[in-house]
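Only one structure is covered here, and it is reproduced in the block below.
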Amino acid sequence: GKIIKLIEKGYEGSVVYVTAGWSGISKLSSKKQAIKLREREAKKACKILGIKSLYFMRQEDRNFAISGKQVQYLIKIIRKIQPNMIFTPHYEESDLEHRTTYEITKEACWLAKTSYLPNLGKAAKGLEVLYLYEVWTPLRKYFLKEDITGVISKKRKAMEKYRSQVKNSKLLDAIEGLNLYRGSMLSDSKKYAEVFQIEKA
45 GKIIKLIEKG YEGSVVYVTA GWSGISKLSS KKQAIKLRER EAKKACKILG
95 IKSLYFMRQE DRNFAISGKQ VQYLIKIIRK IQPNMIFTPH YEESDLEHRT
145 TYEITKEACW LAKTSYLPNL GKAAKGLEVL YLYEVWTPLR KYFLKEDITG
195 VISKKRKAME KYRSQVKNSK LLDAIEGLNL YRGSMLSDSK KYAEVFQIEK
245 A
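Per our numbering, the very first residue in the sequence shown carries number 45; after that it's consecutive.
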């Protein structure tokens, strides 16, 4: 929702998909087919959000740990894009892959701003802030609350494009339910909101 609002204001966005995602599809016998399906779904979702640049790291599902190679991959992307903000899962997420993504992102951000590893591009001078978001584990503390009531239907349409993940689950209801809970703290009327922790990049 926050991303939709930023893009509607004229910002440009890019998304990095860290893991390959094949383990989330049990009915496809081929790992290669599963990865292709997940990437097709990602492209469809990003099109709705207005995201034009996608990067697929294709790290092995459930065998994903911090490495110099992964950090350098992200440094290269950060220096290419030159963002002023980055969104990543928060560090208390129950999912190990989400927590590892946070650690890799945090390491890549501070290195991307330095003169180290000049072969990976020019330093990212405008990068200022990390927005840490909730996925499986709600944030215990947060510093920003964003009203997304006006874009909740667009967010849902984007999430619906991950058909392999939502067709046999209540995931969409869980996402909207969390946003509705957060929004109920904003107003007495029906509102939807997202919350974030904020860290200096």
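Backbone N, C-alpha and C define an ideal beta-carbon position, used for all residues, glycine too.
Specify, as a first and last residue, the run of the beta strand (DSSP E) that residue i falls within.
i: Leu188; result: Leu188 to Asp191
i: Ile130; result: Met129 to Pro133
i: Gln103; result: Ser97 to Gln103
i: Thr63; result: Ser58 to Thr63
What whole-angstrom Cβ distance do residue i and residue j have, given they're in contact under 8 angstroms?
i: Gln241; j: Leu183; result: 6 angstroms
i: Ala78; j: Ile69; result: 4 angstroms
i: Tyr206; j: Glu104; result: Not really, about 20 angstroms apart at Cβ, beyond 8 angstroms.
i: Gly45; j: Lys214; result: With a Cβ gap of about 19 angstroms, Gly45 and Lys214 do not count as contacting.
I need the straight-line Cα distance from residue i to residue j, nearest angstrom please.
i: Val60; j: Ile119; result: 12 angstroms
i: Tyr236; j: Leu224; result: 5 angstroms
i: Glu238; j: Ala167; result: 31 angstroms
i: Thr145; j: Lys169; result: 22 angstroms
i: Lys88; j: Phe131; result: 20 angstroms
i: Ile47; j: Gly57; result: 8 angstroms
i: Arg123; j: Gln114; result: 14 angstroms
i: Leu176; j: Glu151; result: 14 angstroms
i: Phe187; j: Pro133; result: 15 angstroms
i: Tyr160; j: Tyr55; result: 28 angstroms
i: Leu174; j: Thr149; result: 9 angstroms
i: Leu155; j: Asp232; result: 44 angstroms
i: Thr193; j: Glu178; result: 18 angstroms
i: Lys76; j: Trp66; result: 8 angstroms
i: Leu164; j: Ile121; result: 9 angstroms
Note the first and the last residue of the continuous alpha helix (DSSP H) segment covering residue i.
i: Tyr225; result: Leu215 to Ser228
i: Lys244; result: Run containing Lys244: none in the alpha helix (DSSP H); it sits in the beta strand (DSSP E), Ala237 to Lys244.
i: Val179; result: Segment: none, Val179 is in no alpha helix (DSSP H) and carries neither H nor E.
i: Leu81; result: Lys75 to Leu93
i: Ser151; result: Residue identity check: residue 151 is Glu in the sequence provided, not Ser. From DSSP, the alpha helix (DSSP H) with Glu151 extends over Leu140 to Ala156.
i: Ile112; result: Just to set this straight, residue 112 is Gly in the shown sequence, not Ile. Gly112 to Ile125 is the extent of the alpha helix (DSSP H) around Gly112.
i: Arg106; result: From DSSP, Arg106 is part of no alpha helix (DSSP H); its letter is neither H nor E.
Do residue j and residue i come within 8 angstroms of each other at the CB atom, strictly closer than that value?
i: Asn128; j: Glu172; result: yes
i: Glu52; j: Ile110; result: no
i: Asp191; j: Leu222; result: no
i: Ser208; j: Arg102; result: no
i: Glu137; j: Trp180; result: yes
i: Glu204; j: Val210; result: yes
How is residue i classed by DSSP in three states: helix, strand or coil?
i: Arg200; result: helix
Nearest chain C C-beta to residue i closer than 8 angstroms, yes or no?
i: Leu118; result: Considering every chain present, this structure includes no chain C. It has just one protein chain.
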